Amino acid sequence: MRSARGKLHALFAPAGWDETRLDIAPETQPDVIASITDMSAGCASASYDAVWSSHTLEHLYAHQVPQALAEFRRVLKPDGFALITSPDIETVAALVVAHGLDHVVYTSPAGPITVSDMIFGHGRSITRGSVHMAHNTGFTCDRLGTLLLDSGFPAVLVARGRYDLWALAFMERADQEAIRADLRAVGFDLFDDEAEAS
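Structure (structure tokens):
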């Protein structure tokens, strides 16, 4: 399961994965139109091998994050896992101090991304009326890891990328080593270098 067309993580590219796209925005033409805080309309319990959440949690209000993480657990099979990425608020705070809010950090397919975009949400999308693109909360490694553990994931790894946090949250019967090996096989080794095991 994922939430944005064209943004499937390389881990899910090999044959054998079927994809269900979920998004709150109908214009993205998802398979399921829903909030990640309540996916019950289109996603049965214990029916997914993995959840890929790319830059979605920060769009929720802080009190909604535990609801979304509980939904991730609900839809995952007992041997499933969630792969999550979100802006690293510590890195972004350092960018504010060093460069200010209007500094262009990088250029994405959507255009230049400023420090302000990383904190508050993609300004151009919000200006065009996509107010669901606003950021309403933020995460550090510790906060994201704690929220995942508190939601019932028995094992969690959190690592820092260049500007993002990455979390790997395992269900009870997940083969953690096999999943990590699959990530390494597609060139993703953040969890080997600096992951904080919880």
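Residues 1 to 198 (UniProt numbering) are what the sequence shown spells out, left to right.
Note that beta-carbon positions come from the ideal geometry of N, C-alpha and C, so glycine has one too.
Everything numeric in this text was worked out from a predicted model, so none of it was measured.
What is the DSSP secondary structure of G123, counted as helix, strand or coil? Helix, per DSSP.
Own chain residues within Cβ distance below 6 angstroms of I179, not counting five before or after: F81
Taking one C-beta from the region 157–172 and one from the region 81–91 each time, how about it: are there three or more such pairs within less than 8 angstroms? yes
Check each candidate in R128, G100 and T137 and name the one with the smallest Cα separation from T56. T137
Looking only at its chain, what residues have a beta carbon closer than 7 angstroms to the beta carbon of C141, apart from the 5 residues adjacent to it on each side? V158, R160, L165 and E196
Helix, strand or coil: how does DSSP classify I84 here? strand
Given that a residue counts as buried once 16 or more other Cβ atoms are within 10 Å of its Cβ, and exposed if not, what is L101? exposed
Going by beta-carbon coordinates alone, are T37 and A68 separated by less than 8 angstroms? yes
Between the alpha carbons of A62 and I119, how many angstroms are there, rounded? 14 angstroms
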